[in-house]
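**Student:** Have a look at this one.
Chains as they are written, first to last, in our numbering: chain A, 1 to 101; chain B, 1 to 124.
Written as structure tokens, this is what we have:
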């Protein structure tokens, strides 16, 4: 499992970067439809895979972000800070994951 | 008993983890497909014992792939288990109504995935 984690870590980091960029765009009120859809897809994929690698809390955080970005109406600018904090939590969990095998 | 499972998922990480899990924990043979269309073709060629089918895929999604599998006499009887990261009740009911054998959820536990499949299909 650790071999697979290392193999897919770059892709997982990219998905988190997509969420960080979307959260920043929410704060800046520049979130467009394509960035929102990309954030929704990234969050969905993270939700599906993180728990498989023993990061259950990561799946929970990703699900929350997926729900926010799945609404066709843009999140309010005031929620940007919270979204950025959740994305930062995700990054911290991913970077501190310990070996499972 | 040795089984042959076809995994259809566009996400390589999920395909790899599920494949490793089924091969090492259960000793099953795994065939992989990265799209619905490829999965339909592989199922017709290789007649797996069951198909693990992702719901959200670009192009032909899981439900559309399932309908294609059921239309073809060569694949119509192969048991299909949907694999989804959707947890909302409405989605779960919609998937169950398709007529699949079972709906399994992401994230799955690699140590128990084969047991979940066996239980859902009544395999010993």
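By construction, the Cβ of each residue, glycine as well, lies at the ideal position given by its N, Cα and C atoms.
Nearest to residue 71(B) by CA position, among 41(B), 123(B), 110(B) and 97(B), is which residue?
**Tutor:** Measuring from the Cα of residue 71(B), the nearest candidate turns out to be 41(B).
**Student:** Using a Cβ-Cβ distance cut-off of 9 Å, determine whether residue 106(B) contacts chain A.
**Tutor:** Yes, because at least one Cβ of chain A sits closer than 9 Å to the Cβ of residue 106(B).
**Student:** Work out the CA separation of residue 8(B) and residue 32(B) for me, nearest whole Å.
**Tutor:** Answer to the nearest angstrom: the Cα atoms are 6 Å apart.
**Student:** State the DSSP-derived secondary structure class of residue 4(B), mapped to helix, strand or coil.
**Tutor:** Residue 4(B): strand per DSSP, three-state reduction.
**Student:** Name the chain B residues whose beta carbon is nearer than 8 Å to that of residue 44(A)?
**Tutor:** Chain B residues near residue 44(A): 56 and 85.
**Student:** Using 9 Å as the threshold, is the C-beta distance between residue 37(B) and residue 65(B) below it?
**Tutor:** Cβ atoms of residue 37(B) and residue 65(B): closer than 9 Å.
**Student:** May I ask you to report which of helix, strand or coil DSSP gives residue 33(B)?
**Tutor:** Residue 33(B): strand per DSSP, three-state reduction.
**Student:** Measure the C-alpha to C-alpha separation of residue 110(B) and residue 26(B) and round it to an integer number of angstroms.
**Tutor:** About 11 Å.
**Student:** Here's a check: name, in chain order, each residue in its chain whose Cβ is nearer than 7 Å to the Cβ of residue 43(A), leaving out the five neighbours to either side.
**Tutor:** Contacts found: 19, 62, 65, 66 and 69.
**Student:** Please classify residue 82(B): is it buried, with 16 or more other beta-carbons within 10 angstroms of its beta-carbon, or exposed?
**Tutor:** Flag for residue 82(B) reads buried.
**Student:** What's the call for residue 58(B), buried or exposed, on a 16-neighbour Cβ count within 10 Å?
**Tutor:** Result: exposed.
**Student:** Taking its Cβ as the centre, do 16 or more other Cβ atoms sit within 10 Å of residue 19(B), making it buried, or is it exposed?
**Tutor:** Classification for residue 19(B): buried.
**Student:** Are residue 28(A) and residue 35(A) closer than 9 Å when you measure CB to CB?
**Tutor:** Cβ atoms of residue 28(A) and residue 35(A): not closer than 9 Å.
**Student:** Report the neighbours of residue 6(A) on chain B: residues whose CB is nearer than 7 Å to its CB, in chain order.
**Tutor:** Under the 7 Å cutoff, chain B gives no residues; its nearest Cβ is about 11 Å from residue 6(A).
**Student:** Span of the alpha helix (DSSP H) holding residue 13(B)?
**Tutor:** Taken as a continuous stretch (DSSP letters only), the alpha helix (DSSP H) holding residue 13(B) covers 12-21.
**Student:** Out of curiosity, what's the CA-to-CA distance linking residue 67(B) and residue 124(B)?
**Tutor:** Their Cα atoms are separated by approximately 28 Å.
**Student:** Check this for me: beta carbons of residue 56(B) and residue 35(B), under 9 Å apart or not?
**Tutor:** No; because the gap between Cβ atoms is not below 9 Å, this pair is not in contact.
**Student:** Determine the direct distance from the alpha carbon of residue 59(A) to that of residue 52(A), and round the result to whole angstroms.
**Tutor:** Their Cα atoms are separated by approximately 9 Å.
**Student:** Should residue 85(B) and residue 105(B) be called a contact, given that it needs their Cβ atoms to be closer than 9 Å?
**Tutor:** Yes, the pair counts as a contact, with Cβ atoms nearer than the cut-off.
**Student:** Exposed or buried, residue 129(B), counting other C-beta atoms within 10 Å across all chains shown (16 or more means buried)?
**Tutor:** The displayed coordinates of chain B run from 1 to 124. Any statement about residue 129(B) would go beyond what the structure contains.
**Student:** At 8 Å on the CB atoms, spell out the chain A contacts of residue 63(B), in chain order.
**Tutor:** None at all; the shortest Cβ gap to chain A is about 16 Å.
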